[in-house]
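Note that this note's numbering numbers the sequence shown so that position 60 is 117, with each residue one more than the last.
Let me begin by presenting the structure, written as structure tokens, before commenting on it.
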Amino acid sequence: MMISPETYINTQKRKTYKELLKERNKLINDIKNFESGNMENSNLIIEPAPEVIYQCNLMYLGELCKLILEKHKKKFNK
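Given below as structure tokens:
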């Protein structure tokens with residue numbers, strides 16, 4: 058089940074800057090795997106179609122980058 062970008066970001070807000078960068082890298086790798094055709098389809102019975110996951114990952118990545126920028130500004134403006 059996919060969640061909204063707002064819900065996704067709310068689950069990420071408690072993470073450290075370093076953890077957020079790891080999450081960003083994971084999303085980027087998932088997006089690259091889909092675009093290159095390397096995405097496995099073994100869980101299609103319980104997960105949405107790969108195209109839906111791809112679109113959600115793009116939305117999550119955009120929102121996550123905004124959150125990372127916010128935390129980066131706070132971290133270095135102290």
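Every residue, glycine too, gets a C-beta built ideally from N, C-alpha and C.
Given residue i as reference, the closest of the options once Cα atoms are compared
{"i": "M59", "options": "M116, K123 and N82", "result": "M116"}
{"i": "G119", "options": "I88, N134, S93 and K72", "result": "I88"}
{"i": "F91", "options": "Y65, K79, L78 and A106", "result": "A106"}
{"i": "S93", "options": "K79, E104 and E108", "result": "E108"}
Residue i vs residue j beta-carbon contact at 8 Å
{"i": "I125", "j": "R81", "result": "yes"}
{"i": "N121", "j": "I66", "result": "As written in the sequence, residue 121 is Leu, which differs from the Asn given in the question. A contact, by the Cβ cut-off of 8 Å."}
{"i": "Y74", "j": "K130", "result": "no"}
{"i": "L78", "j": "Q69", "result": "no"}
Span of the alpha helix (DSSP H), counted from its first residue to its last, around residue i
{"i": "R81", "result": "Y74 to S93"}
{"i": "N134", "result": "Per DSSP, N134 belongs to no alpha helix (DSSP H) and is neither H nor E."}
{"i": "E63", "result": "P62 to Q69"}
Spatial neighbours of residue i in its chain, beta-carbon cut-off 7 Å, leaving aside the 5 residues before and after
{"i": "C113", "result": "M59"}
Own chain residues within Cβ distance below 8 Å of residue i, not counting five before or after
{"i": "E63", "result": "E120"}
{"i": "K72", "result": "E80"}
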